[in-house]
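One structure is given here, and the rest of the page talks about it.
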Amino acid sequence: MTATHEVTNQVPLPYGHDTAADPTLLAALQRADAGWAEPELRELGRLAGSEQAAEWGRLANENPPVLRTHDRFGHRIDEVEFHPAWHELMRTAVSYGLHAAPWQDERPGAHSARAAKFYVWGQVEAGHTCPISMTYAAVPALRAAPALAAELEPLLAAREYDYGLREPRTKRGLIAGMSMTEKQGGSDVRTNTTTAVPQPDGSYRLTGHKWFTSAPMSDLFLTLAQAPGGLSCFVLPRVLPDGGRNRLQLMRLKDKLGNKSNASAELEYDGAVGWLVGEEGRGVPTIIEMVNMTRLDCTVGAASGMRYGATRAVHHALHRRAFGKALVDQPLMRNVLADLVVESEAATIVAMRLARATDRTLAGDGTEALVRRLGLAVAKYWVCKRGPAHSAEALECLGGNGYVEESGMPRLYREAPLVSIWEGSGNVAALDALRAMARRPESVEAFLGELDAAAGADRRLDAAVAALRKELTDLGDLEYRTRRLVESMALAFQGSLLVRYGSPAVADAFCASRLGGDHGAAFGTLPGGVDTAAIIDRARPVMV
C-alpha cells in the first residue's frame, strides 16, 4: 500500500527511563538511613522503565487468570492459570525483596528501602503487587504463633519465587494471602460465620464461605473463623504436611473493574485444616497486624500510581504540539501538570514518612509508633482517595490518545479506586483514625508534634495547624464530620513534610492551594506566582 500521509506530532514511547530517578523518593530514602539500598533501587528503576517490563504488564492484563476447578476426569483441582508475564512480574518483585524480605534484614531502614522498591516497581503493573504486599504483611501476624513463624518466615522472606502446588516446607519460597470478608459482613468481620472446630492433634477444621480472597493461588492464607473461644485467626496451607490438598475449593473468580492480572476468588472451606495463630477470640487484634501493613502498601501504591500518571502526562506534554507550540509551554497545561506533580509528591513524601515510622517503631521508638498508628489511618484515607481523580486528570492530559488501551492510562484509571477500597474503604479508614485517637489519646499529641516540627516555616501551614487543633477539641457531631477532620489532618501532615523536606516550589504551591484555599475543585487551578517550570521538571522522565 502506498503512503497516503506523513505521520508527525506523535509522542515517542516512554521507554528507557529510570523510574527510580525521583527526587522526592531518593531524598526520603536517605532520611530513613536507607541510602545503602539506592544502587539496587536504581537498577530496579531502570528495569521498571524498560520496554520489556511494560510488555510484561500489558500481557499480564490482556491475558487475565483463568480458574480450572476440575480436571478432564472430573476431579477437583482448584487451580488458577496465569500468563507467563505474570510470573515474570512476580519473580522480579520477589528477587528484589518487595515481599517479606525486610523482616529478615537487620540493616537500618530495611522497610523504607522495601517501600521505595514497591513504589518503583508498582508503576509497571499494580495487580501482582497484591500478593507481594500480603506476603510482606503476613509476617507480623504469624509471629503471634512463634513455632509457625519460625518455620514459615524464612520461606516467606526468601528471594526465590517458587510457583506451584506443593507442601510449603518443601518449597524454596512462599507467597501468602489473606481471606477475611464474607457475604453477610464485608468490613464487619465480627459477623463472620465460618466455624473452626478444634481437633485432637491441635489443628482446627474450618467450614464456611469467603466472599473475597485475593491471590487464591498463594501457598498459605491467614483467615478468620469462629472458634469455641470466639473469632480467631488461623493459617491454612493449600497443601497439607502429608502432601494432600487442603479442602479449599475455589468457586469462581471475581470479574473486577481493574486489577485484572490478579485473581480474586470466592472460596469454600469444606472442613479445611488450619492452625491457630494467637489466642482464640483474638482474631481481629492478631490479623490487624497484617491489615496495618497492607494499609501502608495501599498508601505507597496510591503514590506510585500518581507518580506514573504525572510522569506520563509530563512526557506527553513535552513531545506533543498544539496551536503552534509544545503542550508543556501552554500556560493552562502547565497549571494542570504542576498541580498533578504537587499532588504526586505530597503522596510520595507522606507514604515514605510512614515507611520510616515503621522502621523506627520496630526499633522500639514509642513516639514513632503513635505517629504511625494515627498517621497511617489518616494517609490511607486521603492519599488513596485522591488517586482516582488524579489518574483521570493525567489520562486527560493525553486526550484521546490516553483513552485507548495502548497508552496504558485506562489501566491506571481502572486500578486507582482499588487501594481506597482494599483493607477498609474510605469510611472505615476515616473512622479508624477516630478509633486511634479515642483509644490512644497520646497519639494526637504525637501527631501534632510531627506537624509542629515545621512551625514558623510557612504562615499558611501554621494557620492550618491552628485550625486543626481547634477542630480536634470540638467533639460535637464528630462521627458525622470525620471525613472533613481526617482530610484536614492529612493535608497538614503533607504540608509539614513538604515544608521541611520537599522542593520549595512544590511546598509553596501545596500550601497556597491545599492549605491557603487558593485552589479550585479541579486540578489545574493553582494560583498565580507558582513556579510551574521547577515543579514540572521534577516529573520529567530521566532517560538512561
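To convert, count from 1 in the sequence shown and add 5; that's my numbering.
Just so you know, even glycine gets a beta-carbon here, dropped at the ideal spot from N, CA and C.
Neighbour-count burial assignment, V71, 16 or more Cβ in a 10 Å radius: exposed
Measure the CB-CB distance between V99 and T24 and report whether it falls below 9 Å. no
Where D275 falls: helix, strand or coil (DSSP): strand
When you compare the region 318-327 with the region 8-19, are there three or more beta-carbon pairs, one atom per stretch, that lie closer than 8 Å? yes
Can you give, in chain order, each stretch of the alpha helix (DSSP H) that sits fully within the region 381-454 and has at least 4 residues? 405-408, 414-420, 423-426, 431-444
Classify D344 as buried or exposed, calling it buried when 16 or more other Cβ atoms lie within 10 Å of its own Cβ. buried
So what's Q254 in DSSP terms, helix, strand or just coil? strand
Quick check on K551: buried or exposed, where buried means 16 or more other Cβ atoms within 10 Å of its Cβ? One cannot answer for residue 551 here, as it falls past the ends of the chain, which runs 6 to 549.
I'd like to confirm the pairing. Which residues does DSSP put opposite R489 in its beta bridges? DSSP, once it has assigned bridges, lists no residue as partnering R489.
Three CB pairs or more closer than 8 Å across the region 442-455 and the region 363-379: yes
Cα-Cα separation between Y506 and E348, rounded to whole angstroms: 15 Å
Would you call the region 203-212 and the region 259-278 in contact, with 3 or more CB pairs under 8 Å? yes
G235 versus L262: straight-line alpha-carbon distance, rounded: 35 Å
Applying the 10 Å Cβ sphere with the 16-neighbour rule, what's the burial state of A527? exposed
Cα-Cα separation, A121 to G329: 40 Å
Cβ pair count under 8 Å reaching 3, the region 38-56 against the region 231-246: no
G429 and K385: beta carbons closer than 9 Å? yes
Pair within 9 Å by beta-carbon distance, A308 and A421: no
Beta-ladder partner(s) of Q231, from DSSP: T200, L236
Can you tell which of Q231, A469, R416 has the C-alpha that lies nearest to the C-alpha of A59? R416
When you compare the CB positions of Y141 and A105, do they come within less than 9 Å of one another, or not? yes
Restricting to Cα atoms, I'd like to know which of R210, G182, H133, L34 is closest to L64. H133
What did DSSP end up calling M183 once you bin it into helix, strand or coil? strand
For L496 and D463, the rounded distance between their alpha carbons: 14 Å
Contacting residues, own chain, Cβ-Cβ under 7 Å from W216 (five flanking each side not counted): T186, E187, K188, E271
Just how far apart, CA to CA, sit R73 and V85? 6 Å
Proximity test, I540 beta-carbon vs the ligand COA heavy atom, cut-off 8 Å: No copy of the ligand COA occurs in the structure displayed, which carries no ligand at all.
Exposed unless 16 or more other CB atoms sit within 10 angstroms - verdict on Q35: exposed
Is R210 helix, strand or coil when you go by DSSP? strand
Using the beta-carbon count (16 or more within 10 Å), is T175 buried or exposed? exposed
Return the CA-CA distance between I137 and T7, expressed in angstroms with no decimal places. 50 Å
Which residues in the same chain have their Cβ closer than 7 Å to the Cβ of M338, if we skip the five residues on either side of it in sequence? A322, L332
What is the DSSP secondary structure of P4, counted as helix, strand or coil? Residue 4 lies beyond the residue range present for the chain, which begins at 6 and ends at 549; the question has no answer from this structure.
R63 lies in the alpha helix (DSSP H); which residues open and close that run? 56-67
When burial is assigned at 16 or more other CB atoms within 10 Å of the CB, is Y209 buried or exposed? buried
What first and last residue would you give for the beta strand (DSSP E) that runs through L72? 71-75
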